[in-house]
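Everything on this sheet refers to the single structure shown next.
In this note's numbering, the protein residues as written are 41 to 272.
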């Protein structure tokens, strides 16, 4: 009887030890963990913010929760709130398109899973957008100035053309003068000895116009380069 009692007690002790080890293993497997990160620590306007992380894979299907992802702006406003179902291996990811309404500063990303949570952050800058806006503004200013100057050049060219047309079609000379070679000269004289070449004059006007256009283009390019460089 004594041996039987000892044997039974030994079996009971072994059974309890096995049960404790199984419970401990089950408890270790069901420890909840969650992590969250971003692909980059800095982003700019127009970039896609890539968020990823992982959660622990639990054996109990009733505890297989979704990840609640929250992205907050520097002023505390919610930029994104999403519910993500992790893959079977526990990994998850989310892509967010940044926009012009985003403000500069540090953005916070929080992932909640069961009773656990994890956070990370990234810096956002809108400097490139500001630089583009300044360049566009500079281009508009230069374009307005070029348009005004071009108007003056056109007006001057029209005046020259009018003078040329009058010279080619004849002049109404006053008393004591008469027309000769496109000019009014005193009576008794035949010519100033001058010759008018309309083709040469037209060529000079065209050359001057082309040179002016090139100069304006160079000024615009230098202005834009200066603005872009100053913005950086």
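From the three backbone atoms N, C-alpha and C, an ideal C-beta is built for every residue, glycine too.
For residue i, does the three-state DSSP call read helix, strand or coil?
i, result
"residue 254", "helix"
"residue 185", "helix"
"residue 304", "Residue 304 cannot be examined here, being either before or after the span of the chain that is shown, 41 to 272."
"residue 166", "coil"
"residue 55", "With a pLDDT of only 49 at residue 55, under the threshold of 50, the placement of this residue in the model should not be trusted; the figure read from the coordinates follows. In the structure shown, residue 55 sits in a helix (DSSP, three-state: H, G or I)."
Report the residue from the options whose alpha carbon sits nearest the alpha carbon of residue i.
i, options, result
"residue 128", "94, 157, 89 and 155", "94"
"residue 192", "119, 252, 125 and 263", "252"
"residue 96", "142, 143 and 155", "155"
"residue 260", "177, 216, 98 and 215", "177"
"residue 144", "225, 226 and 85", "85"
"residue 92", "126, 119 and 220", "126"
"residue 119", "98, 142 and 99", "142"
"residue 72", "99, 224, 89 and 256", "99"
"residue 273", "102, 101, 257 and 88", "Because the chain spans 41 through 272 in this model, residue 273 falls outside it and cannot be assessed."
"residue 101", "130, 216 and 114", "130"
"residue 153", "123, 116 and 250", "123"
"residue 163", "89, 255, 263 and 250", "89"
"residue 116", "215, 105 and 161", "161"
For residue i and residue j, which I take to be in contact (beta-carbon distance under 8 angstroms), what is that distance rounded to the nearest angstrom?
i, j, result
"residue 165", "residue 82", "7 angstroms"
"residue 40", "residue 74", "The chain is shown from 41 up to 272; residue 40 falls before or after that span and cannot be answered."
Could you tell me which uninterrupted alpha helix (DSSP H) segments, each at least 4 residues in length, are contained entirely in the segment 72–159, listed from first to last along the chain? none
The segment 137–144 contacting the segment 90–109, beta-carbon criterion three pairs below 8 angstroms: Taking 8 angstroms as the limit for Cβ pairs, the verdict is that the segment 90–109 does not touch the segment 137–144.
For the segment 146–160 and the segment 73–80, state whether three or more C-beta atom pairs, one from each stretch, are separated by less than 8 angstroms. yes
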